[in-house]
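The numbering used here puts the first residue of the first sequence at 409, with every later residue one more than the last. Even for Gly, the Cβ is constructed at its ideal location relative to N, Cα and C. Predicted model, so just to flag it, every value in this text is computed and none were measured. Below is one structure, written out as C-alpha cells; comments come after it.
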Amino acid sequence: MRIATWNVNSVRQRIGHLLDYLKDVAPDALCLQEIKCVDGQFPRAEVEALGYNVETHGQKGFNGVAILSKRPFEVARGLPGDDADVQSRYIEGVIPTDTGVVRLASVYLPNGNPPDSEKYPYKLAFLDRLIRHTRKLLAYEEPLVLAGDFNVIPEPKDAAHPEQWTSDALFLPQTREKFRELTALGLTDALRATRDAPGLYTFWDYQAGAWQKNNGIRIDHLLLSPQAADRLRSVEIDKGMRGRDKASDHTPIRIELAL
DNA sequence: ATGGCCCAGTCCCTGGGA
Numbered sequence: 409m410r411i412a413t414w415n416v417n418s419v420r421q422r423i424g425h426l427l428d429y430l431k432d433v434a435p436d437a438l439c440l441q442e443i444k445c446v447d448g449q450f451p452r453a454e455v456e457a458l459g460y461n462v463e464t465h466g467q468k469g470f471n472g473v474a475i476l477s478k479r480p481f482e483v484a485r486g487l488p489g490d491d492a493d494v495q496s497r498y499i500e501g502v503i504p505t506d507t508g509v510v511r512l513a514s515v516y517l518p519n520g521n522p523p524d525s526e527k528y529p530y531k532l533a534f535l536d537r538l539i540r541h542t543r544k545l546l547a548y549e550e551p552l553v554l555a556g557d558f559n560v561i562p563e564p565k566d567a568a569h570p571e572q573w574t575s576d577a578l579f580l581p582q583t584r585e586k587f588r589e590l591t592a593l594g595l596t597d598a599l600r601a602t603r604d605a606p607g608l609y610t611f612w613d614y615q616a617g618a619w620q621k622n623n624g625i626r627i628d629h630l631l632l633s634p635q636a637a638d639r640l641r642s643v644e645i646d647k648g649m650r651g652r653d654k655a656s657d658h659t660p661i662r663i664e665l666a667l
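This is the structure in C-alpha cells:
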C-alpha cells in the first residue's frame, strides 16, 4: 500500500499538479494539507474521476486538510480536546486493506511564529492534544499513520542551515522536545527508519532562491505505529513536484507498506 | 546584481505562511 502526504498550498491553485501526481504515482491514499478552501470549493469531481474517494475538512482561506483514497473509508474531522478550535488542521480515516485496516490521519500543525505571540502557545497546545489523541489511537494496536506537515524540524541535519532556525518556532527546543514526546509514545519517523543522511528536505521557501540553492528543511513527516512500522518497505521524497512551474513550497513524501 | 515569494479575500492592500 502506497501512502503519501503533501502540503499543496491551495488545492485550487495546484489542481493540475495534483492530478498529475495521482496519475503518475498512483498512491492508494494521499493526505493533503493547506487546501485553503471550504469543502464545497474542493475540485472533487476531477479527483473522483481518477478513482479516488475524497474526504475534506476545509476552512475559508486558510488551513484545511483532506484524505484521498482509492478505497471508500470512514472519516472523523477535527482533533479532540478543544471544541473552541475553529482551525481545520486534522482529519482521520480508517481505510480498508486486503488484510484489515489502516488508520490514517492528515495533520497540519500550526506554524507558531512569531514565538513571542499567542501563536506559539497554540502550536504547543495543539501538539499536546495530538499527543493525547495519539496515545488513545496507539492502544488500538493497529497500523496507524500520522502523515502531514508537522512544522517541526526534528534535528539539525533536517535543515540545510540549522543556524538560521535557532529562534524559529519550527526548531525551538520546546518544539523539538514536544515532537520527541509524540514519537516517544511509540511512533517511528518513516524517513529516518530508512535513511540517516542529511540533505533530505520536503520544504523550500519561495523566497531568496531557496529551491535553487537547496536551502530546504524537513518538516513533512509520516509517523508509524509499531504495526505499521513492521510493514514499512520504502520511503521516497517526490522532489520533482517542487521543481515545477507554480509549485507548492512543499513536495510530497510517500511510503510503501506491505499491507 | 548580495536580493529575490505566494496564497486568499468584503481584493490594489492585508494577514498568513515558514
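By the three-class DSSP mapping on this structure, what secondary structure does residue i have?
{"i": "P606", "result": "coil"}
{"i": "Y530", "result": "helix"}
{"i": "E644", "result": "strand"}
{"i": "I423", "result": "helix"}
{"i": "D613", "result": "coil"}
{"i": "I361", "result": "Residue numbering for the chain in the displayed model covers 409 to 667; residue 361 lies beyond these limits and cannot be assessed."}
{"i": "T596", "result": "strand"}
{"i": "R540", "result": "helix"}
{"i": "L632", "result": "strand"}
{"i": "H557", "result": "Correcting the residue type first, residue 557 is Asp in the shown sequence and not His. Strand at D557."}
{"i": "A567", "result": "strand"}
Quick one: what's got a C-beta closer than 8 Å to residue i's C-beta in the same chain, skipping five residues either side?
{"i": "R355", "result": "The structure shown does not extend to residue 355, since the chain is modelled only from 409 to 667, so the question has no answer here."}
{"i": "N461", "result": "L476, S477, K478, R479, P480 and F481"}
{"i": "V495", "result": "For the sequence presented, residue 495 should be read as Gln rather than Val. If we look at Q495 and ignore the five residues flanking it on each side, its Cβ neighbours are Q467, F470, N471 and P518."}
{"i": "F587", "result": "L535, F558, V560 and P562"}
{"i": "E585", "result": "none"}
{"i": "Q449", "result": "R420 and G466"}
{"i": "I539", "result": "K586, E589, L590 and L593"}
Starting from residue i, follow its DSSP beta bridges and name the residues at the other end.
{"i": "I411", "result": "A437 and I663"}
{"i": "L476", "result": "L438 and V462"}
{"i": "R511", "result": "V502 and L552"}
{"i": "A484", "result": "E500"}
{"i": "Y429", "result": "Y429 pairs with nothing; no bridge assigned."}
Comparing C-alpha positions only, which one of the options sits nearest to residue i?
{"i": "E463", "options": "P562, P435, A492 and S514", "result": "S514"}
{"i": "T413", "options": "E571, L665, I499 and I661", "result": "I661"}
{"i": "S642", "options": "L599, T659 and P523", "result": "L599"}
{"i": "A457", "options": "I423, L440, E442 and I443", "result": "I423"}
{"i": "H658", "options": "L440, L580, T574 and E664", "result": "L440"}
{"i": "L595", "options": "D638, P435 and Y516", "result": "D638"}
{"i": "D597", "options": "L578, A568 and P634", "result": "P634"}
{"i": "E500", "options": "A555, A605, S525 and G520", "result": "A555"}
{"i": "W612", "options": "T583, T591, L632 and S656", "result": "S656"}
{"i": "T591", "options": "S575, S525, L608 and H541", "result": "H541"}
{"i": "S418", "options": "K654, A616 and I663", "result": "K654"}
{"i": "A601", "options": "N521, W619, A618 and L630", "result": "L630"}
{"i": "Y528", "options": "D493, V553, Q582 and E664", "result": "Q582"}
{"i": "E664", "options": "S575, Y516, P522 and V553", "result": "V553"}
{"i": "G492", "options": "A434, I627, P451 and Y530", "result": "The sequence shown places Ala at residue 492, rather than the Gly named in the question. A492 has its Cα closest to that of Y530, out of A434, I627, P451 and Y530."}
{"i": "R497", "options": "R452, A567, N415 and E526", "result": "N415"}
{"i": "E549", "options": "V433, V455, P451 and A636", "result": "A636"}
In chain order, what residues of the same chain have a beta carbon less than 7 Å from the beta carbon of residue i, not counting five sequence neighbours either side?
{"i": "I503", "result": "A437, S477, R479, F481, V509, V510 and L512"}
{"i": "L667", "result": "M409, T505, T507, V510, P551 and R639"}
{"i": "H569", "result": "N623"}
{"i": "P606", "result": "K565"}
{"i": "I645", "result": "L608, T610, T659 and I661"}
{"i": "I627", "result": "D557, F558, N559, V560, I561, L578, T610 and F611"}
{"i": "E454", "result": "I423 and L427"}
Could you tell me whether any non-hydrogen atom of the ligand COA is closer than 8 Å to the CB of residue i?
{"i": "E456", "result": "By its list of ligands, the structure shown contains no ligand whatsoever, and the ligand COA lies outside what it can speak to."}
Counting only the same chain and skipping the five closest in sequence on each side, list residues whose C-beta sits under 6 Å from that of residue i.
{"i": "L579", "result": "Note on residue identity: the sequence assigns Phe, not Leu, to residue 579. Excluding residues within five positions, the ones whose Cβ falls inside 6 Å are I561 and W573."}
{"i": "V446", "result": "G466 and K468"}
{"i": "A474", "result": "L440, I443 and T464"}
request  = Decide yes or no for the touch test of the stretch 538-551 against the stretch 610-626: beta carbon pairs closer than 8 Å, at least 3 of them.
outcome  = No, because fewer than three Cβ pairs between the stretch 538-551 and the stretch 610-626 fall closer than 8 Å, the two stretches do not touch.
query = Is the stretch 421-430 in contact with the stretch 639-658, if contact means three or more CB pairs nearer than 8 Å?
reply = With a cut-off of 8 Å on Cβ pairs, the stretch 421-430 is in contact with the stretch 639-658, counting three or more such pairs.
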